[in-house]
Amino acid sequence: MQGQSQQQAYDRGITIFSPDGRLYQVEYAREAVKRGTASVGVRTPDGVVLAANRQVSSPLMERSSVEKLHKADDHVGVASAGHVADARQLVDLARRRAQGEQLRYGQQIDVETLTRSITDHIQEYTQTGGARPFGVALLVGGVDDGEPRLFETDPSGTDYEWQAAAIGSNRDAIQGYLEAEYRADLDVDAGIELALRALSEPEDETVEAESVDVATITNDDQGYRSVPAEDLESIVAEIDAGGDDD
Amino acid sequence: MQGQSQQQAYDRGITIFSPDGRLYQVEYAREAVKRGTASVGVRTPDGVVLAANRQVSSPLMERSSVEKLHKADDHVGVASAGHVADARQLVDLARRRAQGEQLRYGQQIDVETLTRSITDHIQEYTQTGGARPFGVALLVGGVDDGEPRLFETDPSGTDYEWQAAAIGSNRDAIQGYLEAEYRADLDVDAGIELALRALSEPEDETVEAESVDVATITNDDQGYRSVPAEDLESIVAEIDAGGDDD
Amino acid sequence: MQGQSQQQAYDRGITIFSPDGRLYQVEYAREAVKRGTASVGVRTPDGVVLAANRQVSSPLMERSSVEKLHKADDHVGVASAGHVADARQLVDLARRRAQGEQLRYGQQIDVETLTRSITDHIQEYTQTGGARPFGVALLVGGVDDGEPRLFETDPSGTDYEWQAAAIGSNRDAIQGYLEAEYRADLDVDAGIELALRALSEPEDETVEAESVDVATITNDDQGYRSVPAEDLESIVAEIDAGGDDD
Amino acid sequence: MQGQSQQQAYDRGITIFSPDGRLYQVEYAREAVKRGTASVGVRTPDGVVLAANRQVSSPLMERSSVEKLHKADDHVGVASAGHVADARQLVDLARRRAQGEQLRYGQQIDVETLTRSITDHIQEYTQTGGARPFGVALLVGGVDDGEPRLFETDPSGTDYEWQAAAIGSNRDAIQGYLEAEYRADLDVDAGIELALRALSEPEDETVEAESVDVATITNDDQGYRSVPAEDLESIVAEIDAGGDDD
Amino acid sequence: MQGQSQQQAYDRGITIFSPDGRLYQVEYAREAVKRGTASVGVRTPDGVVLAANRQVSSPLMERSSVEKLHKADDHVGVASAGHVADARQLVDLARRRAQGEQLRYGQQIDVETLTRSITDHIQEYTQTGGARPFGVALLVGGVDDGEPRLFETDPSGTDYEWQAAAIGSNRDAIQGYLEAEYRADLDVDAGIELALRALSEPEDETVEAESVDVATITNDDQGYRSVPAEDLESIVAEIDAGGDDD
Amino acid sequence: MQGQSQQQAYDRGITIFSPDGRLYQVEYAREAVKRGTASVGVRTPDGVVLAANRQVSSPLMERSSVEKLHKADDHVGVASAGHVADARQLVDLARRRAQGEQLRYGQQIDVETLTRSITDHIQEYTQTGGARPFGVALLVGGVDDGEPRLFETDPSGTDYEWQAAAIGSNRDAIQGYLEAEYRADLDVDAGIELALRALSEPEDETVEAESVDVATITNDDQGYRSVPAEDLESIVAEIDAGGDDD
Amino acid sequence: MQGQSQQQAYDRGITIFSPDGRLYQVEYAREAVKRGTASVGVRTPDGVVLAANRQVSSPLMERSSVEKLHKADDHVGVASAGHVADARQLVDLARRRAQGEQLRYGQQIDVETLTRSITDHIQEYTQTGGARPFGVALLVGGVDDGEPRLFETDPSGTDYEWQAAAIGSNRDAIQGYLEAEYRADLDVDAGIELALRALSEPEDETVEAESVDVATITNDDQGYRSVPAEDLESIVAEIDAGGDDD
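Protein chains in written order, with the numbering used here: chain A, 84 to 329; chain B, 84 to 329; chain C, 84 to 329; chain D, 84 to 329; chain E, 84 to 329; chain F, 84 to 329; chain G, 84 to 329.
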């Protein structure tokens, strides 16, 4: 109970340090991330795969409006987990930043630079008063001069680069699956398959094409491409045929 | 009781995260939505139907002043549920935004773009201090180049696209009715009928023309059109004649 | 007692939502309205009648200084109930707004538009921090191109249009009387009589000309007109002669 | 005791409504007025009399420095009760406002207009945060085109017009005396006598010329005039000679 | 104990009214004045005498640096009691104000006007939030066109004019001595003697020249003059020779 | 328990002093530093060595993204321990500051000057309200005109110059090892070896090349140089061959 | 315990008065000064000596970086005790202020004027909200036109002038030693000796040259001069030879 009342002392007003050097508001924002449905990113030599579970609360809801994957620029995609409205703010920031680079310098923004401008923005909300942290984690995938990159941003404003990463609910189980199954030489289709299997891992269910959203950012001319539902279905069919041990 | 006092800790001052990653002020604002009378939106191939219950507290009150449906632009209508004065602020924002688009670019604003500018505004009030969230949900219905669209905004600043949706009191029961009865190929008149039946669902009462307000936004020249009382009455008469199983 | 301490949690600092979606500061401001002496508005085909009880705490106080009725423009009057100094701020706002319209566009402001500019101002004080809501309700009566209009504003920033309405102490009893006795085809004099009877209703006392203030806003050339004491006295005499059943 | 703790909840930070619709900080400011020595205003057909008790805490203090009566303009005087430094701010505001009118329009400011500019300023301090209300009441007496006017301002920012009024400690007893003894046709000298008797009422003591301060604002050329000590003494002598029943 | 906790409720954040109409932060600032060593002012027909006890905490401290008397202008001096750093701010304000008058109008500022500009500044710190009151009282002594004036400022922002006044620790005893011994026709030297006796009163000790600081502001050409240590010693010698009854 | 509740009193809102003159928020920020993995700096006559442990939480995480060593300018490197996102803000500040110097004056910024601009920024966040301190310590190593310098910054905004220093978890043990083994005449390679041994000290494990990051800032043309993984491996191999007593 | 909880009430948010007229945050800042190692200033006819103990927490720390003595201008030095980062802010302020005087008027700033600009800055942080006081005391020593001056600043913003003064830990014992041993006719070397003896007083240890830092500001051409380590050693040798009674 003391732990309870001690925590309460640190979450009011602004984001401040607890006696053991933690920022509770940031940690609570991480809980908001865990409450969101999972997203997965997989980096392959030919591009980055982003995939996300979509929870559609009613058959009358348009699936496309439960947006978990976002095109930030021709060569960059973003997956999110956590507070949806917060995610949209950060995605909009990324888009404006990418457009600004295009306008000012006539070139595509570097994926790492773009990620940093997002995490700088996130960090600011953890230090200066009068605002709460962003309750969202992002996976930022893109291609720089033919080289695929995959970054994660967390609510503290830290970024990490990954070969394959998961964010959101059941993150640990999904990440464990990725660690067991990821191979650096996957082609993009295999990356999609890995991502879909990983997302279905927690429940060990068969993958259902309609409850996932997949995009690829490849180092050919296509750049960001949302994988169409029909393609997804044939991929899923193959997966389900091949079974878990494929 | 502990739950009680814990909640109190998170709803003061600004909107901050609780230890389990929730934003209580936003959740309380959702309660304000539930306290409002219900509104319904139905998308048909020819346009969007918006309908709302109106609670008139005295026979001397002008029914028109209990405004639940609003014309935001020639091609966009908004229904609301929750805190009435908050709703008016968002409707005014939508109108200014639509007019601005008209003035700057000489064209009608995209329904999705308009919805986003509303939810961006809502989200801002959930993150920066010194203000409470908006205690209102909206249904934004409109037509883009002949294509009907129907969006919902919630107090967190999230938007969803729907085929048919309900907001406000008894939302779950009404949404359940919509899910059971909605067909994608309804014509506008059938959409009106569905909306009226849905609104009367919770009490299973016969629909009364005078306690509802209906508007349609169609992909013909009419655009936003408030359905006149006399039309409503004949529709209602038909419904009541046809019974529940029609 | 828990209800007590729970309420206290929601009324400090800024206006925020309670767990059940209510804004306590706004509800407390409504209590401030109930503490004020009553005002009544009656709409007739020829104009609007505003009437108010005046509590003069000493025979040495000038009755005219207990202002409950205010001329906002040639064609608009305002009655108030609640915190007197707050009412004056809103009346001044209404006057500036009406004058601005006159200066900018050379025309009288629409009564509904004027009311909205007041309720927008009121709503702002319920959402952004650092200020309390306005503790006052207004009746805004006026004539637009020959058409009488009567609006009410409440502390949440909502407005309603009425045929006849009461605000302030004993509001429910007075409104009940209006609902029972109002007829849409009253002439202005009958409207005055109805208003005076309604104001005397709670105590079922005879009306006293000196404790009421009456103004009319008519669709002839007169516009806003404060009814002189001598006229009031003869009207009251008639009422008292006619008895309650007239 | 609960009443105690409940009150404490409403007087911190900013001025907010209590559950029963009261503004405690404003009510506490009224207590500050009651803690001040009394002032009295009497309106006569020929001008306004202002009179005030002066508490001089030491024989070495200059009586003139315990200022309770202030000349705001040639034709306006102000008496105060309550927090002395607050009163000076409002008197300075009145002077600047009167000078501004003189400079801009070349004419004396209307007494009612001047009073309103003071009460508007007071009201602002009761609604917007970060400041306490003014702990002072004023009597504003003056002459407009030959017509004497007497207004009171209170800490809520309300103004009242009076024939004769008292503010400050023992206000109720003094006001009662004024109500019993005031006649509308008093000449200025009789007004002074009434004011002095009223001030001495609570203790039923004989009036002492040295413990009161008197000013008149008359509709002749004199305007604001501080009544000299020697005049006061002869008036007081007359009063004391005539006894209480004069 | 309740009194204790009630007081605590009113001294946080900003200066607000207690239920009985008091401003605790201002009253606590008065306690800060009482914690300071005493200062005395004596007005004579030929000028004003300011005198102050100086507590030098170490023989190595320069006596001149324990500044209790300050020259504000050629014709104005200031003595202080209370929070030393606060006093310096107000003295600096007085100097800037006096210089400004000299620069703008080419004349010496009126002593009363100067005092008012100080008390206006002090009052502001008692009403608007985000700052504490000034914990200091001042004696402002000066000469206007040959007329000596002596004012006191207190932490509420009130000013009083005195013939002779004391501020700081043991104020009541010193003021009592002044009331008993002051005569309006004292010459300046007798005024110095009176001031020194008064300062030594509380302990009934003999006056020690080295523990006091004396300045005179006279209506001859000298204006503000700090009385040199040697002069003080001979005066003190005379006093001590003459005994208490001189 | 009292100590507990006393501490809670000092860590809310802004950084304020405790009764014993401590700034708890700063001390808690020091705890955040201790939660970070360790970094070490070693100054040699030929340059500065920076080394850091890297905790990579998953084999799929890119080691390079767990950035603990940063190039601030050609001649300056920064190692960090503590809150990662805070560190990035300070490193960015350092970079901007170094570039500004280059742009304005065409020369490399002095290492001490650069450090001071960082600690000034840190100090500001410990004194003015509305923000928390930075939860990070830095080692700033560089070369000024051929002279190697090594500074530490702490969360209070203090800087220290070192021959060899450790920050982060197990700081005391690592610093003890450095104190025992440091010699001022080490060459850079020996400095690297010392740094690696020190980092492995707490657990007394053999050094693993893949869990450390090393950079050198030397007074030859190379300036800042990140030591490549292959070089690190051969160095580590030598260390492990030579044993602890080498 | 009550004293405990009472104190807590006054140290939050901003610096406000306690019921007994004290500013706890300022008093706590004085505790921060006492936590700092001691500094001593000695004024001699030929100049001022500043000396400070230096606590170097590790043999690897550069002694020069534990800066306790600072050159503010060619003719002014500053010693500090307390919060190190706060001291640096004030020293920087002093330097900017001295440079400004040089730039604007082409002359050296007066030592007293410089001290005042520091204490004005300190005072401001004790009165206006949103910031804590400075947790540092300074000794400001310098020479004005050949005249040595020595000032102390404290956390309240008060300054004192001294012949010889100590600040920081064990201040009372050191000051006692200075009071016993100081003579006004010391030459600078004797002043250094006195300062060193005083600093070693608390522990009655022999002085160690390496744990002290000494600077002189003399009225010859040298101005501010940091006494070199070798000079210090020979002085200390002499002291230790001469014993305590020299």
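Idealized CB from N, CA, C, for every residue including glycine.
At the level of alpha carbons, what is the spacing between residue i and residue j?
i	j	result
residue 316 of chain G	residue 137 of chain G	15 Å
residue 309 of chain D	residue 131 of chain E	28 Å
residue 151 of chain F	residue 238 of chain F	17 Å
residue 174 of chain F	residue 221 of chain E	51 Å
residue 164 of chain D	residue 176 of chain C	30 Å
residue 146 of chain G	residue 167 of chain G	15 Å
residue 245 of chain C	residue 144 of chain B	4 Å
residue 140 of chain G	residue 119 of chain G	13 Å
Near residue i, what residues of its chain come up, given a Cβ to Cβ distance below 7 Å and the 5 sequence neighbours on each side ignored?
i	result
residue 276 of chain A	318 and 322
residue 284 of chain E	256, 257 and 260
residue 268 of chain A	128
residue 270 of chain G	127 and 129
So what's residue i in DSSP terms, helix, strand or just coil?
i	result
residue 117 of chain A	helix
residue 252 of chain D	coil
residue 310 of chain F	coil
residue 267 of chain F	coil
residue 257 of chain G	helix
residue 273 of chain G	helix
residue 316 of chain D	helix
Within a Cβ cutoff of 6 Å, which residues of the same chain sit near residue i, ignoring the five residues on either side of it in sequence?
i	result
residue 292 of chain B	315, 316 and 319
residue 216 of chain E	108, 109, 112, 208, 209 and 238
residue 169 of chain C	217, 218 and 219
residue 242 of chain D	198, 202, 234 and 236
residue 224 of chain E	124, 131, 133, 160, 233 and 300
residue 247 of chain B	125, 261 and 265
residue 296 of chain G	135, 137, 151 and 152
To the nearest whole angstrom, what separates the beta carbons of residue i and residue j, a pair I think is in contact under 8 Å?
i	j	result
residue 134 of chain D	residue 233 of chain D	About 12 Å; that fails the 8 Å criterion.
residue 240 of chain A	residue 206 of chain A	3 Å
residue 121 of chain C	residue 251 of chain C	4 Å
residue 157 of chain B	residue 306 of chain B	4 Å
residue 254 of chain D	residue 117 of chain D	7 Å
May I ask whether a heavy atom of the ligand ADP can be found less than 7 Å away from the beta carbon of residue i?
i	result
residue 319 of chain A	The ligand ADP is not among the ligands present in this structure, which contains no ligands whatsoever.
Less than 8 Å between C-beta atoms, sequence neighbours within five positions excluded: which residues of the same chain meet that for residue i?
i	result
residue 313 of chain E	none
**Study point:** Length-filtered (3 minimum) beta strand (DSSP E) runs lying within the region 177-247 of chain G
**Key:** 219-227, 230-236 and 242-244
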